[in-house]
Amino acid sequence: MTISYKWLSEYLPVKIEPERLSKILTSIGLEVESMEVFKEVKGGLKGLIIGEVLEAEQHPNADKLKLTKVNVGKGEPLQIVCGAPNVAAGQKVVVATVGTTIHPTAGEPLTMKVAKIRGVESYGMICAEDEIGLGTSHAGIMVLPNDVQIGMSASEYFQPYDDVIYEIGLTPNRMDAMSHWGVARDVCAYLSHHDKKNYKPVLPHNNFKVDNHDLKIDISVENKEACKRYSGICIEGIIVQASPKWLQERLKSIGLRPINNIVDITNFIQHETGQPLHAFDYDEIQGKKIIVKYLSEGTPFITLDGKEWKLSSEDLMICNAKGEGMCIAGVFGGAKSGVTDKTKNIFLESAYFDPTTIRKTSFRHGLRTDAATRFEKGIDISNTVNVLKRAAMLIKEIGKGSIASDVIDIYPQPEEKKQVILKFQFLKKLSGKNYHPDTVKGILESLGFRLLKESIDSLTIEVPYHKPDVSLPADVVEEILRIDGLDNIAIPTSITISPSVVRNNVADLYKEKVANILIGEGFTEMLTNSITNSAYYSQEILQSAVRLMNNLSVELDIMRPSMLQTALEVLSFNINRKNSDLKFFEFGKTYSTSGLGKYKEQNHLCIYITGSLSENSWRSKTMLADIYYAKGVAETVLKATGVRIDLYKNLEGNRQLTSGISAQINGEEVFQLGKVSPPVAAKFDIKQAIFFVDFNWDVITRHVRSKMAFSEIPKYPSVERDLAMVVPKSMKYDEVKEQVAKLRLNKLKGVNLFDIFESEKLGTDKKSLAINFTFLDEEKTLTDKEIDGWMNKIMTTLEKELGAEIRK
303 MTISYKWLSE YLPVKIEPER LSKILTSIGL EVESMEVFKE VKGGLKGLII
353 GEVLEAEQHP NADKLKLTKV NVGKGEPLQI VCGAPNVAAG QKVVVATVGT
403 TIHPTAGEPL TMKVAKIRGV ESYGMICAED EIGLGTSHAG IMVLPNDVQI
453 GMSASEYFQP YDDVIYEIGL TPNRMDAMSH WGVARDVCAY LSHHDKKNYK
503 PVLPHNNFKV DNHDLKIDIS VENKEACKRY SGICIEGIIV QASPKWLQER
553 LKSIGLRPIN NIVDITNFIQ HETGQPLHAF DYDEIQGKKI IVKYLSEGTP
603 FITLDGKEWK LSSEDLMICN AKGEGMCIAG VFGGAKSGVT DKTKNIFLES
653 AYFDPTTIRK TSFRHGLRTD AATRFEKGID ISNTVNVLKR AAMLIKEIGK
703 GSIASDVIDI YPQPEEKKQV ILKFQFLKKL SGKNYHPDTV KGILESLGFR
753 LLKESIDSLT IEVPYHKPDV SLPADVVEEI LRIDGLDNIA IPTSITISPS
803 VVRNNVADLY KEKVANILIG EGFTEMLTNS ITNSAYYSQE ILQSAVRLMN
853 NLSVELDIMR PSMLQTALEV LSFNINRKNS DLKFFEFGKT YSTSGLGKYK
903 EQNHLCIYIT GSLSENSWRS KTMLADIYYA KGVAETVLKA TGVRIDLYKN
953 LEGNRQLTSG ISAQINGEEV FQLGKVSPPV AAKFDIKQAI FFVDFNWDVI
1003 TRHVRSKMAF SEIPKYPSVE RDLAMVVPKS MKYDEVKEQV AKLRLNKLKG
1053 VNLFDIFESE KLGTDKKSLA INFTFLDEEK TLTDKEIDGW MNKIMTTLEK
1103 ELGAEIRK
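Its first residue numbered 303, the sequence shown is counted upward by one per residue in this note's numbering.
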């Protein structure tokens, strides 16, 4: 939420310095995330002065340049070389003297220095409007009226608007503070409580009156649940033009672009009061009738931005007499009903739409407008007519129109105010502080609450319409604590806790152990959002994805079915900033569903590797990450947990990974490993290879060895034998290990591949594998005869089962 200091100050009964106001806002729960000076003109025209051109002669060395003498009100006239075609003696101009920094409308700031132009020294610059940020014209220098005082500062003459702008981190429940009026109400409540005075917001006086009844409009609300109140008024004879300076300044200060006086007034009122308005071109309303209703599923509708949408049968629409949609209620206006330069008469709408209806429509179509944001949080239903009258009078004043109808207000079932009983004992329990009943009443009344009943131990209060989030005693306690000051909450000197006892913390212990090992290997732990964008995933994956019913944004609409995509966002962010050598790991969850109420969470450990593993130096060349390094890291994790893999398989059916493998134990998949598919990486604008290891941490946890076994160092030496064999190129080393493991040789302690050799001499599509075998008997020294027997068994098995050719 953006708040203007000058705008807000108009509604405060006393002047408060910006720094103090910032502290007050944060203290009452409207946390100020930033406080910045706003300048309508960059640099504020600082250092620029008004001068008079005394002479304008032809430059001796250039046809298109003039040599001028300029009086700036002090000292000798300045010699300035000027290239503007319209410069002439007798003109009043804006001058940037030596040392002054100018801020162009486009481009970087520039500080004036003494310059020699075509052999003649120039002591400053006569400015065009785009050169000092006052406009976009560069046709020539600015020529000011003759009565302007020489030597006056440009900032004093032009008086560019400046302000202090607060960015408030507004919590979702605080719709009452989504306007300058609402914030002023809170600030006055704070001042009343702390200064012991009765302060009220200074609201503009509204002398509303109807001028005539020339325009007629009929209003019908078909769905009174989705639209509980609908108000409107007709205004004739308006002139659509640029807004006055003060109105443009207000909108610019909070980041809005002025459009025209009518649209600007509706935007101004929305940010002043929190009530969205919509102006229709009265002459474009067919049958001069407004109907609030639903349209059929799939009905096409073109919005103000020219886009066509297919409506849902649950999208509330503002329609004309023919039943044609003119506006998506509370969300977006239509192309044919909006205010244009040719508009002469308007119908102005002020309504209360059901928050749930508006929220669903807004997210359904991805139309996240300011109006929808306010309606979906719930606005003040009691204020629609008051705001309508305020806006109508502004349009009459600024747009030169006449109010041509009575206020039409469709409000069949007035909303009842909620009542809450607050017990003083409950207030003390939650706040930790004893409040005097008079203090509580003073705070609540300053916020608009009304006292209905008072007893010795409780208050019965009526909640104002602008507080739709207040319905429980705890909500009332929050209001009291805010105005008293969140930083005034007493901190207890002691805290009583009951320590929890963890009976099975094996999973957590191994998680910490693995994390420490990976960090020791140069990895960095990260944590990504479990909520992500469905656009990242294929339709096949989305069939079992868990979708959010009330997502905060269009981009965050599902619980992640895979951890890869959320990590690729992080990798892309780093790579785009030239940080391309990355090793990350993350513990997290994925989510899936097989039907309503059938949801599944799965724990993962995921590892992401890309770029170089070492820096290039005179001692060694850069080594790029590859699938073998990734597998080595995976085996390090398995070794740390004591999990022993039964079977490695080629990865099949995973469109996210290529050239991958999977590992299993007792038929359960322990991990998948591979290179991220280029099409998947391309969605995140990643062109370099990414290697991904995805551990099923739930399976790991079930198979960890919680007890570690230790043994003495063997007394007898181990014996190693090497074996080279020729096999087909397509054969995997794991197939060799699997055949050797089937022999169940108890004394065989290690099998290690140490060389791969390929040559045409070996034959077409052949390769040579060199494998080292380590044998050990812990009770005696092994003999050559025993070892030869085992090696013969190994060679015979490999020849028979794999068709290997033993190299001798």
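Cβ atoms here follow ideal geometry from the backbone N, Cα and C, with glycine treated the same way.
Would DSSP call residue 588 helix, strand or coil? helix
Residue 450 to residue 459 span [Cα, whole Å]: 8 Å
Collapsed DSSP secondary structure at residue 1015 in the structure displayed: coil
With a 10 Å radius around its C-beta and 16 neighbouring C-beta atoms as the bar for buried, classify residue 920 as buried or exposed. exposed
Relative to the alpha-carbon of residue 609, which residue among 585, 619, 586 and 634 has its alpha-carbon at the smallest distance? 634
Can you list, in chain order, the stretches of the alpha helix (DSSP H) that have 4 or more residues and sit fully within the region 814-852? 841-844
Beta-bridge partners of residue 1026, as assigned by DSSP: 1072 and 1109
Sequence-distant residues of its chain with Cβ nearer than 6 Å to residue 501 (five each side left out): 315, 490, 493 and 494
The region 790-810 in contact with the region 833-844 per 3-pair CB rule at 8 Å: no
Please determine if the region 722-732 and the region 685-703 are in contact, where contact requires at least 3 C-beta pairs separated by less than 8 Å. no
Within its chain, find whatever has a CB closer than 6 Å to the CB of residue 575; leave out the 5 residues flanking it on each side and keep chain order. 481, 483 and 689
Residue 342 to residue 334 span [Cα, whole Å]: 22 Å
Whose C-beta lies closer than 7 Å to the C-beta of residue 944 among residues of the same chain, with five residues either side of it excluded? 1006 and 1007
Are three or more beta carbon pairs between the region 609-625 and the region 662-669 nearer than 8 Å? yes
Examine the Cβ distances between the region 436-449 and the region 522-533 and report whether three or more of them are shorter than 8 Å. no
For the alpha helix (DSSP H) containing residue 568, name the first residue and the last one. 563-575
Examine chain B for any beta-carbon lying closer than 8 Å to the beta-carbon of residue 881, and answer yes or no. Structure shown: chain B not included; a single protein chain is present.
When the Cα of residue 864 is compared with those of 880, 884 and 889, which residue comes out closest? 889
Is residue 311 closer than 8 Å to residue 535 when the C-beta atoms are compared? no
For a test of the three-state rule: what should DSSP assign to residue 1123, helix, strand or coil? The structure shown has nothing for residue 1123, since the chain only spans 303 to 1110.
For residue 468, which residues does DSSP report across the bridge? 305 and 337
Using only the alpha-carbon positions, how far apart do residue 1101 and residue 1040 sit? 14 Å
Cβ distance (whole Å) where residue 577 is taken to contact residue 686 below 8 Å: 6 Å
What is the DSSP secondary structure of residue 555, counted as helix, strand or coil? helix
Going by the DSSP bridge assignment, what does residue 974 pair with across the sheet? 964 and 996
In angstroms, rounded to a whole number, what distance separates the CA positions of residue 373 and residue 455? 13 Å
Use the C-beta contact count for residue 784: other C-beta atoms within 10 angstroms, 16 or more gives buried, fewer gives exposed. buried
Where the beta strand (DSSP E) through residue 893 begins and ends: 884-897
Do residue 327 and residue 468 come within 8 Å of each other at the CB atom, strictly closer than that value? yes
Cross-strand partners of residue 695 (DSSP beta bridge): Answer is none; residue 695 lacks a bridge partner.
Which residue's Cα is closest to the Cα of residue 1104: 922, 365 and 1042? 1042
Give the secondary structure of residue 760 by DSSP, where H, G and I count as helix, E and B as strand, and everything else as coil. strand
Nearest candidate by alpha-carbon position, reference residue 423, set 367, 405 and 402: 367
Please report the distance separating the alpha-carbon of residue 682 from that of residue 507. 19 Å
N- and C-terminal bounds of the beta strand (DSSP E) containing residue 611: 610-612
Given 8 Å, three or more beta-carbon pairs between the region 1014-1031 and the region 1061-1078: yes
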